[in-house]
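For the sequence shown, counting from 1, position 468 maps to 470 in this note's numbering; every step adds exactly one. Ideal placement from N, C-alpha and C gives every residue a C-beta, glycine not left out.
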Amino acid sequence: MVRQFMLCFVLLVGLVCLAQNSQGYQNPVIPGFHPDPSICRVGDDYYLVTSSFQYFPGVPLFHSRDLVHWEQIGHCLTRQSQLPLHDANSTEGIYAPTIRYHEGTFYMTTTNVSDKGNFIVYATNPYGEWSEPVWLEQGGIDPSLYFEDGKCYLVSNPSDGIYLCEINPKTGEQLTESRCIWNGTGGRYPEGPHIYKKDGWYYLLISEGGTEYGHKVTIARSRSIYGPYAGNPANPILTHINQNAQSNPIQGVGHADLVEAADGSWWVVCLAFRNYNFHHNLGREVFLAPVCWDKNAWPVINGNGTIDIEMNVPTLPQQPQAETTVRTAFESGRLGNEWVYLRNPRMENYSFHNGKLRLQATTVDLDQKSDESPTFVCRRQEHYDFTATTSLRLEDAHEGDLAGLSVYMQETSHYDMYVRQLADGKQAVVLRYRLHSIDHVEAEAVLPKNAEVQLHVRGDRDYYTFSYSTDGEMFTELGKVDCRYISSETVGGFTGVMLGMYAVSAFNSSCAYADFSYFDYEEN
Ligand code: 6LW
């Protein structure tokens with residue numbers, strides 16, 4: 003009887019496990035420009051943040067229940083007082099953030115390299131508004147917090163190593179001297195530090211080699227938080243610089259953060275890019291891998307320290323989310339969390355009228371790196387194969403005023419298709435490249451009078467192909483431009499391609515504006 007009962011019990015547990023376990027997922031788990039992921043767990047909920055550079059609002063915040071499917075629930079930095087971006091470009095503004103949860107409060111710490119450096123914001127409700135910045139004294143980039151026994155420790159990289167001090171996280175006051183605790187294994191740019199405690203060891207995880215093709219993740223441990231830290235003989239624990247990943251499309255793997263799931267399994271999130279013909283346009287994206295971390299042993303990432311697009315591993319019970327919609331319609335009078343602006347936007351230039359998004363043109367154009375923000379609202383290119391379409395009408399315009407669709411990497415590198423007002427009252431559709439010193443109009447076609455114009459771009463791994471229509475059905479190709487000229491390898495910077503709507507006026511007193519009816523984005 004007891005044996006039968008035991009057998010039934012074991013069978014039942016087995017069935018429950020089978021029902022709960024899931025297998026396999028695809029990397030990246032968050033596609034498109036989302037670098038420097040940091041993660042924390044609260045019960046069965048996971049929260050993840052990424053860096054945001056010159057974009058506003060800053061530090062996208064994601065939520066997941068299974069580590070595989072993520073939903074953006076907002077941003078940590080939503081007010082100009084938290085995020086002064088001045089004339090930030092693609093290597094400035096907000097660098098790598100860390101998110102941690104301690105005694106009912108979420109802490110997010112990051113660096114604003116365009117302002118006063120390292121700071122913390124905190125919130126009890128991550129869906130709500132976060133605090134004003136609490137500025138920190140210890141310099142360097144990539145600040146991270148570790149809480150233990152009523153103390154809060156800060157690590158960052160003020161010079162050529164990882165430095166630790168104790169702080170008051172609510173005031174920013176530094177309570178102990180900054181001490182160098184590890185220089186890494188000798189790779190350039192020791193950065194991205196995080197401290198974890200397991201089995202009585204303090205583990206210090208960092209990245210080395212720089213965020214490009216030589217990136218790697220290394221780890222050291224000590225019985226005391228202040229060290230001495232001894233490196234793992236098997237370092238690096240995650241990298242694609244070696245032979246076993248030389249033909250992997252994922253490259254530049256680094257900047258990682260570890261998390262213990264509610265079931266006791268360990269996972270790592272890290273950044274990497276997907277590379278085609280030695281170029282990538284989507285920026286650095288978020289990848290996930292399982293970690294085997296036995297008692298007193300070093301963590302081992304995905305068996306051999308590499309990651310794949312197709313991850314055939316057991317996962318937490320997966321909870322797929324609703325498909326994202328192709329169309330951004332403007333009837334609701336608000337934009338979703340995926341939409342961002344350059345630097346500190348002038349919100350009076352964005353409004354909703356009769357279900358359309360109205361962009362007021364200003365003389366600040368997309369080529370400028372200035373304290374001003376152009377009228378430009380954009381979202382990430384998340385897939386190599388995609389289409390984006392918008393429909394607009396340019397109104398009250400004088401010669402030279404324009405509005406359109408930009409494939410924007412940075413101020414010196416973008417492809418624009420726009421409607422331009424001509425001298426004779428007519429309008430033309432124009433395809434233009436801005437590639438550093440090259441400012442080139444590739445094609446131009448005069449439009450029928452008073453037309454609403456649909457602008458369409460199709461991307462693949464090689465080209466962006468631009469076409470337009472005035473009836474929404476018959477599209478005419480204007481030109482086809484090479485993706486590589488705006489890739490990270492060509493133009494540098496820390497960001498990825500954004501797709502957006504914008505309006506520019508030729509002179510200050512212009513009242514020109516454009517009404518956009520929708521914006522569609524779709525993976526092909
Ligand atoms: C970030 C640093 C890095 O602060 O790149 O890949 C810098 N890692 O840790 C900018 O994203």
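Which residue's Cα is closest to the Cα of S116: H217, T467, Q456 and Y57?
It is Y57 whose Cα lies nearest to the Cα of S116.
Measure the C-alpha to C-alpha separation of L147 and R181 and round it to an integer number of angstroms.
Distance between the alpha carbons of L147 and R181: 15 angstroms.
On the DSSP bridge list, what partners appear for S180?
S180 pairs with nothing; no bridge assigned.
Between which two residues does the beta strand (DSSP E) harbouring E524 extend?
Note, E524: beta strand (DSSP E), Y515 to E525.
Out of Y435, S209, N29 and S24, which one is the CA nearest neighbour of E384?
For E384, the nearest C-alpha among the options comes from N29.
For S469: DSSP bridge partner residues
In the DSSP output, where bridge partners are listed per residue, S469 has H458 and E479.
Below 8 angstroms on the Cβ atoms is my contact criterion, and I expect N283 with S53 to pass it. Report the Cβ-Cβ distance as a whole number of Å.
About 18 angstroms separates the two Cβ atoms, so there is no contact after all.
Taking the runs of the beta strand (DSSP E) that are 3 residues or longer, which of them lie wholly in the stretch 223-270?
Taking only runs of at least 3 residues, the beta strand (DSSP E) segments lying wholly in the stretch 223-270 are 252-262.
Can you tell me whether E262 sits near the ligand 6LW, meaning its C-beta is under 8 angstroms from at least one heavy atom of the ligand?
False, no ligand heavy atom lies under 8 angstroms from that Cβ.
Out of N237, T391, N356 and G45, which one is the CA nearest neighbour of E105?
Looking only at N237, T391, N356 and G45, the smallest Cα-Cα distance to E105 is reached by G45.
Proximity below 9 angstroms, CB of V432 to CB of R422:
Result yes, Cβ atoms of V432 and R422 sit closer than 9 angstroms.
So, with DSSP's three-state summary, where would you put N159?
In the structure shown, the three-state DSSP call for N159 is coil.
Three-state class that DSSP yields for T365 in the structure shown
T365 falls in the coil class under three-state DSSP.
By DSSP, does N23 sit in helix, in strand, or in coil?
Three-state DSSP puts N23 in coil, outside helix and strand.
Residue burial classification, A312 (beta-carbon count within 10 angstroms, cutoff 16):
At residue 312 the sequence reads Glu, which differs from the Ala that was named. Exposed: under 16 other Cβ atoms inside 10 Å.
Measure the alpha-carbon distance for S334 versus S66 and round it to whole angstroms.
Straight-line Cα distance between these residues: approximately 26 angstroms.
For S375, collect the residues of the same chain with a Cβ closer than 7 angstroms to its Cβ; drop the 5 residues on either side in sequence, then sort them by chain order.
Hits under 7 angstroms: Y343, L344, R345, N346, P347, R348 and V366.
Would DSSP call G16 helix, strand or coil?
With a pLDDT of 42 at G16, under the threshold of 50, the modelled position of this residue cannot be trusted, and the question is left open.
Where E52 falls: helix, strand or coil (DSSP):
In the sequence as displayed, the identity of residue 52 is Thr instead of Glu. Coil, per DSSP.
Relative to the C-alpha of P39, which candidate in T112, G494, L85 and N23 has its C-alpha closest?
Closest by alpha carbon: T112.
Using only alpha-carbon positions, find the residue among S507, Y523, R43 and S511 that is nearest to A263.
When each option's Cα is compared against that of A263, the closest is R43.
Residue range of the unbroken alpha helix (DSSP H) whose run includes S146:
Where S146 is concerned, there is no enclosing alpha helix (DSSP H), although the beta strand (DSSP E) it sits in stretches over S146 to E150.
For F275, collect the residues of the same chain with a Cβ closer than 8 angstroms to its Cβ; drop the 5 residues on either side in sequence, then sort them by chain order.
Excluding sequence neighbours, F275 sits near I252, Q253, G254, H282, L284, G285, R286, E287 and S490.
Tell me the DSSP bridge mates of Q28?
Q28 is bridged to E312.
Three-state secondary structure assigned by DSSP to Y410:
Three-state DSSP puts Y410 in a strand.
Please list, following the chain, all residues that have a C-beta closer than 6 angstroms to any non-hydrogen atom of the ligand 6LW.
Selection around the ligand 6LW by beta-carbon proximity, strictly under 6 angstroms to any non-hydrogen atom, yields P37, D38, S53, Y97, A98, I143, D144, E193, G194, S209, T213, G256, H257, L273 and F496 in chain order.
Can the beta-carbon of L240 be found less than 9 angstroms from the beta-carbon of V270?
In terms of Cβ geometry, L240 and V270 form a close pair [threshold 9 angstroms].
What whole-angstrom Cβ distance do T478 and L449 have, given they're in contact under 8 angstroms?
Separation of the CB atoms of T478 and L449 is rounded to 11 angstroms, and the pair is thereby denied contact status at 8 angstroms.
Status (buried if at least 16 other CB within 10 Å, exposed otherwise) for R436
By the 10 Å Cβ count, R436 comes out buried.
Relative to the C-alpha of L378, which candidate in K358, W341, F354 and E401 has its C-alpha closest?
The displayed chain sequence assigns Phe, not Leu, to residue 378. Answer by Cα proximity: W341.
Just to confirm the assignment: which complete beta strand (DSSP E) runs, minimum length 3, are found wholly within the stretch 166-210?
If only complete runs of 3 or more residues are kept, the stretch 166-210 shows the beta strand (DSSP E) at 181-184, 193-200 and 203-210, in order along the chain.
Can you tell me which of the three DSSP states N351 falls into?
Helix, per DSSP.
Cβ neighbours of K371 in the same chain (closer than 7 angstroms, five flanking residues each side left out):
Excluding residues within five positions, the ones whose Cβ falls inside 7 angstroms are D89, N91 and E413.
For H438, which residues of its own chain have a beta-carbon under 6 angstroms away from its beta-carbon, when the five flanking residues on both sides are left out?
Excluding positions up to five away in sequence, the list reads T414.
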